[in-house]
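Quick notes on the structure that follows.
2 protein chains.
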Amino acid sequence: MADETRPTRAPTAEDVARLAGVHRSAVSRTFTPGASVAPQTREKVLEAAATLGYRVNFLARSLSHQRSNLVGLVVSDIDNPFRAQLLAELGTSLVASGYRPLLLPTERGGKVARHIDMMLHYNVAGAIVTDDASPAEIARQCADHGVPLVLINKRPVSDTVLNVSMDTETAGELAAHALFDAGCRRVALASQRRSSHSIGLRRSAFWRACERLGIEIADEYFGDLPNYEGGRAAADAFLADTIDVDGVYCANDYLALGFIDTIRHLSALSIPGDLKLVACDDIPEAGWLAYDLTTVRQDPVRTADAAVNGLLARISEPDTTALPVVVDVHLVKRGSTALTPPKPRGQARPPL
Amino acid sequence: MADETRPTRAPTAEDVARLAGVHRSAVSRTFTPGASVAPQTREKVLEAAATLGYRVNFLARSLSHQRSNLVGLVVSDIDNPFRAQLLAELGTSLVASGYRPLLLPTERGGKVARHIDMMLHYNVAGAIVTDDASPAEIARQCADHGVPLVLINKRPVSDTVLNVSMDTETAGELAAHALFDAGCRRVALASQRRSSHSIGLRRSAFWRACERLGIEIADEYFGDLPNYEGGRAAADAFLADTIDVDGVYCANDYLALGFIDTIRHLSALSIPGDLKLVACDDIPEAGWLAYDLTTVRQDPVRTADAAVNGLLARISEPDTTALPVVVDVHLVKRGSTALTPPKPRGQARPPL
DNA sequence: TTGAAAGCGCTAACAT
DNA sequence: ATGTTAGCGCTTTCAA
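Structural data, given as structure tokens:
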């Protein structure tokens, strides 16, 4: 009768109670952290549970609690190594804190509305958003439903949602200084065409810093997206131009990789010989031999930690105003801004 | 009284029923795909639901159904671009199919047991595992609890769990042929030290193919992990050796990037001049100008689709035996195996 | 087609 | 400290 192939229904608290000779509530209490159970009752329950392979049904528990320990993780552009690292960190960190990440990947142009909908279906305890899409709506909806929300590197929407972002202002300054120290006085910018909050901030901060330092910004070049292809496109535009610059700031590393490759492989320019380069993020690739890119580091581990801790805080005290968290950045100096002996021709940018 | 700041409790089916002037079950039926509701009742319910912002509580629904539409996604090494792509695809594909991915990232050396535990707590509808850790235990446990399981590129464990894997045999052949066609007759292998099912298959298949073609395998070099650093370590070992080879097969692209960088930047050897290189996966980086790596493509989209479709099939018919799915591979020819004019010195591998 | 009622597995307030 | 009981929000037989 008891066929091994037919997996029997999962054991319930009732089953355990029966076997242990106690009441269901005793079982419940045994598995509830702050409950009072007699040590020996607890023992009996634990043993029975073990032999039966009992596990608390979190769905039922969440139903009682009116809130699950699921956390919505809205992410886009996982192909960007920084995002991938961040996602991994957020995931492990959440799991370590007893929460379960519900992964909600956003395709480009995908409806974020679907995701909030989803999360609300699941009574998520909170949500973390690092998507590039505009979070205004998602934030409002979450607020309406009392779902604590954390935005990473996004435009702040209200003082009820926590904003965790890198120190863009300092990042811009560090980048400008790095170029200045490398001798640059006339630079270009490379970024994405589609406007983005965080990229926008990086650009303007860099711009201001250059002004202060007396660095002239000659022009700006764009790719469609802030990725490798975007960097290549920006570099193509750059090379097609005839302006004379001695440095370039790329809005992020991922894009910088494409920029570098195009410059190195499809032009006669040398980095850092003819052109210094600085970017932002410090993805692992920036440290690779093929790139050796000076960049402003934004630590994904600390960012993720700040986001998760912040979320936990908001979950336990949802009614406090959320003070924005700014994650420090620092310059990682590499070969792309190395000082080089003056070129024989003595020209910053030789004709192609 | 009705303060906007205090988000009111989410509306329930009861609330909707009251507003629509019907019974709760009518509401339930309205939101149950195959139920029978009078068109106008349905209309009333839908309207009431809309004004109240009602959403079915999936936790409660799952409790009734005895199974949620959560799917465990056990992933490790998200830093590997192939894994990142796969994860993104799996996520979007699951969401598109009406399932919700529960992200369970495995740290290196992390206990997978924790994850199965978690999934069982949530009555997941199924699970997809692309983790590198041994899945034997996880598979057994899932089977015990009737949780459909799909393994991607892992060692098969039983005919109740579906195995989706790339065609390693063909991959080995394609790689060997690519090297052969590029003129290689004596090659080396680069992979990871820690044994891994999929890497192991790639190696042995390549080995056999070389034997058939009359390519001699001179030696094998290892890095600790199948990543960039692993590739660098393997290349270091390779360079420290004095064997004379004309080609190298890297067990995966990610590792190959490190291998290439070390060869290109820390040795006098040229690729493909002195050394042809072939790897496996076809991550985006392989096509970058800095690498231009000939590789055997394993399409993450098709792999993910196969896994998700397979999972759905097993969810609907859990008692059929799972026929392994093999995902086709093909060669992507790039510069690392380009034929080059004979070197002036006429020597395959010049001394450093 | 619709209302009534039982039950999914668990928690928590209450009573003992 | 433990048993009792009333829900949590939904689905689903069963009658009507």
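Going down the list, the protein sequences come from chains C and G. Residue numbers for the first sequence follow my numbering, beginning at 1 and rising by one. Residue numbers for the second sequence follow my numbering, beginning at 1001 and rising by one. From the three backbone atoms N, C-alpha and C, an ideal C-beta is built for every residue, glycine too.
message = Any beta carbon from chain C within less than 7 Å of residue 1295/G's own beta carbon?
response = no
request  = Decide yes or no for the touch test of the segment 1236-1256 of chain G against the segment 1266-1280 of chain G: beta carbon pairs closer than 8 Å, at least 3 of them.
outcome  = yes
Cβ neighbours of residue 118/C in the same chain (closer than 7 Å, five flanking residues each side left out) = 104
query = What residues in the segment 1039-1053 of chain G have a beta carbon less than 7 Å from any beta carbon of chain C?
reply = none
message = Please confirm whether residue 1261/G has its beta-carbon closer than 7 Å to some beta-carbon of chain C.
response = yes
task = Give the single residue among 115/C, 192/C and 69/C whose Cα lies nearest to the Cα of residue 316/C.
result = 69/C
task = Please report how far the alpha carbon of residue 1173/G lies from the alpha carbon of residue 1340/G, in whole angstroms.
result = 23 Å
ask   = Does any C-beta atom of chain C lie closer than 7 Å to the C-beta of residue 1121/G?
value = yes
task = Just list the alpha helix (DSSP H) runs in the segment 30-65 of chain C, keeping only unbroken ones of 4 residues or longer that don't cross its boundaries, in chain order.
result = 39-52 and 58-65
query = Using Cβ-Cβ distances below 7 Å, what residues of the segment 301-330 of chain C are close to chain G?
reply = none
query = Which same chain residues, not among the five before or five after residue 35/C, have their C-beta less than 6 Å away from its C-beta?
reply = 29
ask   = Quick one, are the C-beta atoms of residue 191/C and residue 208/C less than 7 Å apart?
value = no
task = Give the DSSP-derived three-state secondary structure of residue 89/C in the structure shown.
result = helix
Other residues of its chain near residue 52/C: CB distance less than 7 Å, five sequence neighbours each side excluded = 11, 15, 16 and 19
query = From residue 80/C to residue 227/C, what distance separates their C-alpha atoms?
reply = 7 Å
message = In chain order, what are the residue ranges of uninterrupted alpha helix (DSSP H) at least 4 long that sit wholly in the segment 1235-1269 of chain G?
response = 1253-1266
task = Pull up the CB-CB distance for residue 310/C and residue 162/C, whole angstroms please, since I reckon it's below 8 Å.
result = 5 Å
message = Can you look up residue 1026/G in the DSSP assignment and give me helix, strand or coil?
response = helix
query = Shorter than 7 Å from the beta carbon of residue 1013/G to some beta carbon of chain C?
reply = no
request  = Using the Cα positions of residue 332/C and residue 296/C, report the straight-line distance between them to the nearest angstrom.
outcome  = 6 Å
ask   = Along chain G, which residues have their Cβ under 8 Å away from the Cβ of residue 60/C?
value = 1063
key: Candidates 1009/G, 1338/G and 1305/G: closest to residue 145/C by CA position   = 1009/G
key: Through-space distance from residue 128/C to residue 78/C, alpha-carbon basis   = 15 Å
ask   = Which residue's Cα is closest to the Cα of residue 1166/G: 1088/G, 1090/G, 1326/G and 1289/G?
value = 1326/G
ask   = For the alpha helix (DSSP H) that contains residue 311/C, what are its first and last residues?
value = 300-316
key: Beta-carbon neighbours of residue 57/C, restricted to chain G and to distances below 8 Å   = 1063, 1121 and 1123
task = Note down, in chain order, every chain G residue with its Cβ under 9 Å from the Cβ of residue 104/C.
result = 1091, 1095, 1100 and 1101
key: Buried or exposed by the 16-neighbour rule on C-beta atoms within 10 Å, applied to residue 201/C   = buried
inquiry  = Quick check on residue 1357/G: buried or exposed, where buried means 16 or more other Cβ atoms within 10 Å of its Cβ?
reply    = With chain G covering only 1001 through 1352, there is no way to say anything about residue 1357/G.
Spatial distance of residue 1061/G from residue 1046/G (CA atoms) = 18 Å
message = Along the chain, where does the alpha helix (DSSP H) containing residue 1114/G start, and where does it finish?
response = 1112-1121
request  = Tell me whether residue 204/C sits in a helix, a strand or coil according to DSSP, three-state version.
outcome  = helix
query = Can the beta-carbon of residue 238/C be found closer than 7 Å to that of residue 221/C?
reply = yes
message = Strictly by DSSP, which residues pair up with residue 1280/G?
response = 1296/G
query = Helix or strand or just coil, what does DSSP make of residue 337/C?
reply = helix
ask   = Should residue 418/C and residue 138/C be called a contact, given that it needs their Cβ atoms to be closer than 7 Å?
value = In the structure displayed, chain C extends from 1 to 352; residue 418/C sits before or after that span and is not available.
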